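Working notes, beginning with the structure itself.
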Amino acid sequence: MKIATWNVNSLKVRLPHLLEWLDAAKPDVVCLQETKLEDASFPRAAIDKIGYAACCHGQKTYNGVAILSRLGLEDVQPGIGGYEDDHKRVLAATVRGVRVVCAYVPNGQAVGTNKYEYKLQWLAEFARWLGEELGAHEKLAVLGDYNVAPAEIDVHNPKRWAGQVLFSEPERAAFQRLLGLGLQDAFRLFPQKERSFTWWDYRLNAFQKDMGLRIDHILVSPALAARCRGCWIDLGPRRLERPSDHAPVVAELELG
DNA sequence: ATGGTAGAAACTCTA
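To convert, count from 1 in the first sequence and add 161; that's my numbering.
This is the structure in structure tokens:
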């Protein structure tokens, strides 16, 4: 089973890229972030037409998540259990016995701001809830835009990014707490090329200069880590005209 | 050098 995550930065704008990518990459499950669409505006027909079921949890203008699957979707649940959040950032569903969580972690804007404090609080609630989910689901995959680069190797210029939002110590500690629950970073289960990134700022021609960060991740429970056969970043969609600022991340799971 | 671009919406906010 091929699972993927992609921050599309407006599903309305990126729908042609998404349909093209689904046809080319043929993932079985795709978690989308920043759909920026209310559920009533979700392009269900176009996605259904190419064989994917979809569930969505969206809002106008900001945030919004969705899960697409060509292997069915069961037990769909929005939000972080036990945490009231006005932002639509989390959606979970079960596919072939795998509990899939799609997450759009708050960006945090800048260290020291209210949005940064919200991000840290949000990550604490997320970790608390994922601990519960790990207890309930042996096969758990948590895919999304974490808005955290875990290590220096995940940042094009770690000296310049030191202490900045997306790479500050408290954010990295919050990410490590997710790993501390027993989740594993699927990308780092395998050898990878240096300078592997998933996001490049639209500004300053960052993609062309390879000035990126790896902030989109697929975390897997031990049972899935043992079945993970590969994990890679697909740069194709980032090279298109009018792209998302993020590239998709894909993992291959071998299920019995 | 504290810029720059993109998206949605609406004369600004978020990323």
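Note that beta-carbon positions come from the ideal geometry of N, C-alpha and C, so glycine has one too. Computed from a predicted structure; not experimentally measured.
Query: Which listed residue (Ile-241, Gly-324, Val-174) has its alpha carbon closest to that of Val-303; Result: Ile-241
Query: Given Leu-301 as reference, the closest of Val-261, Gln-337, Asn-308 once Cα atoms are compared; Result: Val-261
Query: For Gly-273, the first and last residue of its enclosing beta strand (DSSP E); Result: Neither: Gly-273 is in no beta strand (DSSP E) and is coded neither H nor E.
Query: Arg-175 in three-state terms, based on DSSP; Result: helix
Query: Exposure label - Phe-351; buried when at least 16 CB within 10 Å; Result: exposed
Query: With 16 other Cβ atoms within 10 Å as the buried cut-off, status of Ala-408; Result: buried
Query: Asn-168 - partner residues in DSSP beta bridges; Result: Gln-194
Query: Rounded straight-line distance, which links the Cα of Val-174 to that of Glu-402; Result: 11 Å
Query: Inter-residue spacing [alpha-carbon to alpha-carbon] between Phe-336 and Leu-180; Result: 31 Å
Query: CA-to-CA distance, Ala-271 to Arg-364, given in whole angstroms; Result: 17 Å
Query: Within the stretch 243-318, ranges of the alpha helix (DSSP H) (whole runs, at least 4 residues); Result: 275-297
Query: Among Asp-306, Gly-343, Asp-200, Ile-379, the one whose alpha carbon lies nearest that of Leu-327; Result: Asp-306
Query: Identity of the residue in Thr-359, Pro-177, Gln-220, Glu-355 nearest Arg-399 by Cα; Result: Thr-359
Query: Paired residues, beta bridge with Ala-215 - DSSP; Result: Leu-229
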